[in-house]
Amino acid sequence: MTNSNIIYSKITVISLALLFVCVFFQAFESKFHELIKKDLIANFKRIFAPISNETVTTWSGREIRPKYFFQPESLEDIQDIIRNAKETGNKIRCIGQGHTSSSLSVTKDYLVDINNLNNVSEIKWTIEHGWTVTALAGTRINNIERALLENNPPLAFESMTYQNFFTASGVVAVGCHGAKTGGPSVSDLVVKLQIVTSDGTLKEFSNEKDAEEMNAARLNLGLFGIIYSVTFRVEPLFNLRAYDIILPLKGWLNPENIKQKFDNSDSLIIIYFPFNQGKADISNDEIRIKQFVRTQDPATSQNSTTTNNTIPNNSSAQAVPDILKNPELTPMLKGEQWKIVKNSIKNVTLIATEALHYRSDIETVQGHDVEFALKVDSDFTNVATEFSYFINKIGEYAEKGKFPINVYGLIRMIRASSALLSPVFDNDPNAIYCFLEFSSLKGTRDYPEFYEEITARWIKKYKTRPHWAKEWEPAPGIQKFLHEELGERLAKFEKSRAKYDPEKTFFDNKILQKVFYG
Numbered sequence: 001m002t003n004s005n006i007i008y009s010k011i012t013v014i015s016l017a018l019l020f021v022c023v024f025f026q027a028f029e030s031k032f033h034e035l036i037k038k039d040l041i042a043n044f045k046r047i048f049a050p051i052s053n054e055t056v057t058t059w060s061g062r063e064i065r066p067k068y069f070f071q072p073e074s075l076e077d078i079q080d081i082i083r084n085a086k087e088t089g090n091k092i093r094c095i096g097q098g099h100t101s102s103s104l105s106v107t108k109d110y111l112v113d114i115n116n117l118n119n120v121s122e123i124k125w126t127i128e129h130g131w132t133v134t135a136l137a138g139t140r141i142n143n144i145e146r147a148l149l150e151n152n153p154p155l156a157f158e159s160m161t162y163q164n165f166f167t168a169s170g171v172v173a174v175g176c177h178g179a180k181t182g183g184p185s186v187s188d189l190v191v192k193l194q195i196v197t198s199d200g201t202l203k204e205f206s207n208e209k210d211a212e213e214m215n216a217a218r219l220n221l222g223l224f225g226i227i228y229s230v231t232f233r234v235e236p237l238f239n240l241r242a243y244d245i246i247l248p249l250k251g252w253l254n255p256e257n258i259k260q261k262f263d264n265s266d267s268l269i270i271i272y273f274p275f276n277q278g279k280a281d282i283s284n285d286e287i288r289i290k291q292f293v294r295t296q297d298p299a300t301s302q303n304s305t306t307t308n309n310t311i312p313n314n315s316s317a318q319a320v321p322d323i324l325k326n327p328e329l330t331p332m333l334k335g336e337q338w339k340i341v342k343n344s345i346k347n348v349t350l351i352a353t354e355a356l357h358y359r360s361d362i363e364t365v366q367g368h369d370v371e372f373a374l375k376v377d378s379d380f381t382n383v384a385t386e387f388s389y390f391i392n393k394i395g396e397y398a399e400k401g402k403f404p405i406n407v408y409g410l411i412r413m414i415r416a417s418s419a420l421l422s423p424v425f426d427n428d429p430n431a432i433y434c435f436l437e438f439s440s441l442k443g444t445r446d447y448p449e450f451y452e453e454i455t456a457r458w459i460k461k462y463k464t465r466p467h468w469a470k471e472w473e474p475a476p477g478i479q480k481f482l483h484e485e486l487g488e489r490l491a492k493f494e495k496s497r498a499k500y501d502p503e504k505t506f507f508d509n510k511i512l513q514k515v516f517y518g
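The sequence shown runs 1 to 518 under full-length UniProt numbering.
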């Protein structure tokens with residue numbers, strides 16, 4: 001063998017050896033990263049066992065299929081989830097009781113259930129805020145209220161959602177509200193928030209630290225991070241006289257009557273149950289007014305309001321198959337349900353905690369739920385006009401043999417909010433907003449047509465903004481409208497959001513992205 005052949009052979013062997021080494025190290029590196037990821041997941045399993053391929057179904061029937069489903073039990077668990085999500089390139093969304101009708105909790109990556117973060121950690125009085133209560137994010141409202149009642153002195157929220165099973169973080173993040181005529185949304189009762197942001201640190205938000213950031217954080221749609229704790233302003237327990245009034249729809253629903261009830265109520269809900277006389281002709285239908293007035297009188301009942309509403313709701317659940325299969329039966333079935341409602345009504349005095357939650361059993365019926373906020377004219381003309389329009393439109397559809405609304409329509413009025421993304425945001429804290437709400441059973445025929453017609457009118461005529469937790473995304477042109485309507489407030493919110501989540505770890509909702517960025 002010549003010297004040149006020997007040299008060539010040695011070079012070939014060395015090249016093959018180097019190639020083998022490169023391939024080996026590439027394979028090792030790939031395996032090494034795979035082992036790291038497996039070790040991270042194994043670390044989760046030692047703590048709180050994430051679940052893969054879990055399908056989570058919300059109250060409205062929306063199915064969420066995340067890559068992993070987490071149920072953290074501590075601050076450290078939350079920090080581990082965020083760390084892992086960033087290292088593996090996953091996004092994070094949170095879920096509480098799953099009662100949000102919109103897609104806010106939907107994700108294909110990490111879904112975090114905060115219900116195990118459940119504790120009322122502190123009740124105290126301060127000079128700045130008076131009485132406050134602090135609870136972890138997953139604490140149900142009824143558990144917070146139980147702790148408030150056991151306090152000395154007993155305490156209560158001044159206003160709250162009419163269901164008591166929502167979580168502390170849930171009612172805040174989406175801007176839930178009650179029906180208190182002189183009070184704002186629940187988000188405005190928050191004096192302090194603790195949020196684990198995308199760098200894994202626990203950040204505190206309050207007016208004292210930064211009022212503008214607080215007004216972004218107090219209704220943050222889950223875009224700042226994972227809420228860890230919420231501190232609410234509360235007050236000494238009070239009693240409410242609950243008046244349940246049934247009146248003829250024709251003649252009563254006018255601006256003067258609505259304003260009179262509003263001015264003389266602590267809380268007010270005006271409800272229309274369609275076809276309550278058992279006929280498709282709604283001209284003789286009645287309207288229900290739930291009026292709550294503060295009183296020094298002792299409570300005469302502990303839970304009559306809630307109990308009285310259980311009966312009609314259960315009857316609604318039993319009627320679901322018939323109404324969905326045979327919509328023409330809607331008037332007859334709703335008429336029978338209305339008889340049960342009227343027979344169950346009592347005027348009682350309740351402690352505030354009981355009076356506020358007059359629909360605590362709403363989980364029995366799965367359905368659509370829609371709500372838009374209308375700024376109230378000084379004489380309440382637009383409130384009467386739009387509620388009447390909604391009711392009359394139900395009658396017009398019935399004349400065509402269509403029954404798109406088979407649960408209720410109602411209005412509640414509250415004061416303005418300081419939260420930047422609130423549908424009732426206003427620079428005037430005393431401005432009054434009316435929430436126009438309607439609900440129908442899931443799967444109701446002709447509902448989409450009715451929904452589109454009503455929401456398009458409200459948006460075009462009044463620039464009404466939707467409740468984020470309700471069914472707002474199908475409304476015609478809603479993304480472009482909200483992007484333009486929120487304008488400067490959206491820019492202020494985005495400035496704070498980007499500060500705490502620059503990589504958008506918590507922002508994978510495509511519809512919200514269109515609202516934010518056009």
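Even glycine gets a Cβ: it sits at the ideal position worked out from N, Cα and C.
Below 7 Å CB to CB, which residues in the same chain sit around residue 472 once its five sequence neighbours on both sides are set aside?
-> If the five residues before and after residue 472 are omitted, its C-beta is found closer than 7 Å to the C-beta atoms of 102, 466 and 478, all from its own chain and listed in chain order.
Quick one: using the 10 Å Cβ neighbour count with 16 as the cut-off for buried, is residue 260 buried or exposed?
-> Exposed is the call here.
Taking 8 Å as the threshold, find out whether the region 140-158 comes into contact with the region 373-389 through three or more Cβ pairs.
-> The region 140-158 vs the region 373-389: no contact.
If we call anything under 7 Å between Cβ atoms a contact, is residue 201 one with residue 241?
-> Between residue 201 and residue 241, the gap from beta carbon to beta carbon reaches 7 Å or more.
Can you tell which of 153, 231 and 55 has its C-alpha closest to the C-alpha of residue 119?
-> The shortest C-alpha to C-alpha distance from residue 119 to any of 153, 231 and 55 is the one to 231.
Could you please give the first and the last residue of the uninterrupted beta strand (DSSP E) stretch that includes residue 200?
-> Here residue 200 belongs to no beta strand (DSSP E), and DSSP marks it neither H nor E.
Give me the Cβ distance between residue 222 and residue 173, rounded to the nearest whole Å; I'm assuming they're in contact under 8 Å.
-> Confirmed, Cβ separation roughly 5 Å.
By the 10 Å Cβ neighbour count, where 16 or more other Cβ atoms means buried, how is residue 263 classified, buried or exposed?
-> Around the beta carbon of residue 263, fewer than 16 other beta carbons sit within 10 angstroms, so the residue counts as exposed.
Touch check for the region 274-293 and the region 426-435: three-plus C-beta pairs under 8 Å?
-> Contact annotation: the region 274-293 does not touch the region 426-435, with fewer than three C-beta pairs closer than 8 Å.
Quick one: grab the DSSP three-state call for residue 187.
-> DSSP, read as helix, strand or coil, puts residue 187 in helix.
Tell me where the beta strand (DSSP E) around residue 77 begins and ends.
-> Per DSSP, residue 77 belongs to no beta strand (DSSP E); it is in the alpha helix (DSSP H), 75-88.
Start-end ranges of the beta strand (DSSP E) lying completely within the region 156-183, minimum 3 residues = Under the rule that a run must span 3 or more residues, no beta strand (DSSP E) segment is found entirely inside the region 156-183.
By Cβ distance below 6 Å, which residues in the same chain neighbour residue 380 in space, the five residues on each side in sequence not counted?
-> Closer than 6 Å at Cβ, skipping near neighbours: 255, 258 and 259.
Assigned exposure category for residue 484 - 16 Cβ within 10 Å defines buried | The residue is exposed, with fewer than 16 neighbouring Cβ atoms inside 10 Å.
Give the secondary structure of residue 50 by DSSP, where H, G and I count as helix, E and B as strand, and everything else as coil.
-> Residue state for residue 50 is assigned as coil, using DSSP reduced to three classes.
Residue 131 bridges to which residues according to DSSP?
-> Paired residues: 125.
Might you give, ordered along the chain, the residues of its own chain that have their beta carbon closer than 8 Å to the beta carbon of residue 281, omitting 5 neighbours on each side?
-> The residues 395 and 398, in chain order, have a CB closer than 8 Å to that of residue 281 in the same chain once the five nearest residues on each side in sequence are set aside.
Between the region 97-114 and the region 69-80, are three or more C-beta pairs nearer than 8 Å?
-> As far as the Cβ criterion goes, the region 97-114 touches the region 69-80, which means the pair count is three or higher.
Reducing DSSP to helix, strand and coil, say where residue 145 ends up.
-> Helix, per DSSP.
Between which two residues does the beta strand (DSSP E) carrying residue 68 extend?
-> Start and end: 68-70.
Burial state of residue 518, where buried means 16 or more other Cβ atoms lie within 10 Å | Classified as exposed, residue 518 has fewer than 16 neighbouring CB atoms from the shown chains inside 10 Å of its CB.
Please check the pair residue 507 and residue 501, which I expect to be a contact at CB under 8 Å, by giving their CB distance rounded to whole angstroms.
-> Between residue 501 and residue 507 the Cβ distance is about 7 Å, and since that is below 8 Å, they are a contact.
In the DSSP assignment, what are the bridge partners of residue 110?
-> Under DSSP, residue 110 forms a beta bridge with 68 and 92.
Give the single residue among 198, 342, 234 and 209 whose Cα lies nearest to the Cα of residue 245.
-> For residue 245, the nearest C-alpha among the options comes from 342.
Please determine, among 425, 67, 418 and 92, the residue with the shortest C-alpha to C-alpha distance to residue 78.
-> Of the candidates 425, 67, 418 and 92, the one whose C-alpha sits nearest the C-alpha of residue 78 is 92.
Reference residue 225; option with closest CA among 511, 503 and 516 = Scanning 511, 503 and 516 for the CA closest to the CA of residue 225 turns up 503.
To which residues does DSSP link residue 269 through a beta bridge?
-> Answer by DSSP bridge pairing, in chain order: 290 and 412.
Check whether the region 78-87 touches the region 383-394, counting contact only when three or more Cβ pairs, one atom from each stretch, lie closer than 8 Å.
-> These segments do not touch.
How long is the line joining the alpha carbons of residue 367 and residue 301, rounded to whole angstroms?
-> Straight-line Cα distance between these residues: approximately 30 Å.
For residue 106, collect the residues of the same chain with a Cβ closer than 8 Å to its Cβ; drop the 5 residues on either side in sequence, then sort them by chain order.
-> These residues qualify, in order along the chain: 62, 64, 93 and 509.
Roughly how many angstroms lie between the CA atoms of residue 121 and residue 143, to the nearest whole one?
-> Going from the Cα of residue 121 to the Cα of residue 143 covers about 12 Å.
Could you give the distance in angstroms between the alpha-carbon of residue 335 and the alpha-carbon of residue 292?
-> For residue 335 and residue 292, the gap between their C-alpha atoms comes out near 26 Å.
So residue 358 and residue 162 are in contact, right, with Cβ under 8 Å, and what is the actual spacing, rounded?
-> Contact flag correct, Cβ pair sits at about 5 Å.
Taking the C-alpha atoms as reference points, what is the distance between residue 155 and residue 190?
-> It is roughly 16 Å from the alpha-carbon of residue 155 to the alpha-carbon of residue 190.
Alpha carbon of residue 56 to alpha carbon of residue 422, nearest angstrom | One C-alpha to the other measures close to 27 Å.
Verify the CB distance criterion: does residue 508 have a CB-CB separation below 7 Å to chain B?
-> In the structure shown, chain B cannot be found, because there is only a single protein chain.
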